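Using the numbering used here, the first residue of the sequence shown is number 32, and each one after it goes up by one.
Backbone N, C-alpha and C define an ideal beta-carbon position, used for all residues, glycine too.
Predicted model only: the values in this text are computed from it and were never measured.
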Amino acid sequence: MKKQELSKQQIFRNKRFIGFVIGCLSIVLLSFLLMMRGKTTKNDLQKVTGSVTYIGKTFKNLPNRHHGKYRYITIENYPQAFELFVGKEKGDFAPEYEIIDSIKVSDELAIYFSEIGGENEPVNRLARFIDKNGKKHFVYGSYDVYWGIGGMITGCILLIVVFILWRMGKI
């Protein structure tokens, strides 16, 4: 009878350990994907070119927060507006480079972006680069890389802690 109870406890302990390991590995994998997203180049992204039809600090009922830290651009040939975060205060994830306020309506732009979410969204928040006349006007910040590296380190540390606790019989 005691052997069966021990084996059930052991099985439960192993299932819990495996669950924790899968969770930690998921954190590492998702963090790696975030880091890779932060390292995208213009060649990895979709590109749309066209004349600016609107540029401003608001678009419809947006932004919902941090007024003044966003710019919205619509261009012909693309159905959604592009939302760009341009906050520069301490603690903001500022773009690496931006001179968005020098763009005017009717300027020709090349916008490099990711297409995730779909056309039901009011804005595309994944513009990574904006060029005007071959010169950069916006380069997305590299905080995805930093968050990805931080997440991978955290996931690995958690994995080590889980393994130590499992060996001690706590998990």
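Exercise for review: Evaluate contact between the region 80 to 90 and the region 57 to 67, counting only Cβ atoms and requiring at least three cross-stretch pairs below 8 Å.
Suggested key: No, the region 80 to 90 is not in contact with the region 57 to 67.
Practice item. Go ahead and pull the three-state DSSP assignment for S62. Key: Note: S62 maps to helix in three-state DSSP.
Exercise for review: Answer yes if the region 179 to 193 comes into contact with the region 131 to 143, meaning at least three C-beta pairs across the two stretches below 8 Å, and no otherwise.
Suggested key: The region 131 to 143, when compared against the region 179 to 193, does not touch it at the 8 Å Cβ threshold.
Review point. Do P126 and G172 have their C-beta atoms within less than 8 Å of each other?
Key: At the C-beta level, P126 and G172 come within 8 Å of one another.
Check your understanding: Can you tell me the Cα-Cα spacing of D132 and S57, whole angstroms?
Key -> Distance between the alpha carbons of D132 and S57: 40 Å.
Check your understanding: Which residue's Cα is closest to the Cα of Q111: K167, E146, T72, N155?
Key -> Measuring from the Cα of Q111, the nearest candidate turns out to be N155.
Review point. So what does DSSP say about I104, is it helix, strand or coil?
Key: The answer is strand: DSSP assigns I104 an E or B state.
Exercise for review: Kindly say whether E146, judged by its beta-carbon, lies nearer than 8 Å to any beta-carbon of chain D.
Suggested key: As a matter of chain content, chain D is missing from the structure shown, which is built from one protein chain.
Practice item. Could you spell out where the beta strand (DSSP E) holding V159 opens and where it closes? Key: Checking the sequence, you will find Arg at residue 159 rather than Val. Start and end: 158 to 163.
**Study point:** Reference G226; option with closest CA among R44, R68, I134
**Key:** Nothing in the structure corresponds to residue 226, since the chain is present only between 32 and 202.
Exercise for review: Let me know the secondary structure DSSP gives Q111 once reduced to three states.
Suggested key: DSSP, read as helix, strand or coil, puts Q111 in coil.
Review point. How long is the line joining the alpha carbons of S145 and K70, rounded to whole angstroms?
Key: Near 13 Å, if we compare the C-alpha coordinates of K70 and S145.
Exercise for review: Give the straight-line distance between the Cα atoms of L190 and A158, rounded to the nearest whole angstrom.
Suggested key: One C-alpha to the other measures close to 34 Å.
Check your understanding: For G50, is the classification buried or exposed, using 16 other Cβ atoms within 10 angstroms of its Cβ as the cut-off for buried?
Key -> So G50 counts as exposed.
Check your understanding: For S82, which residues does DSSP report across the bridge?
Key -> Under DSSP, S82 shares a beta bridge with E139.
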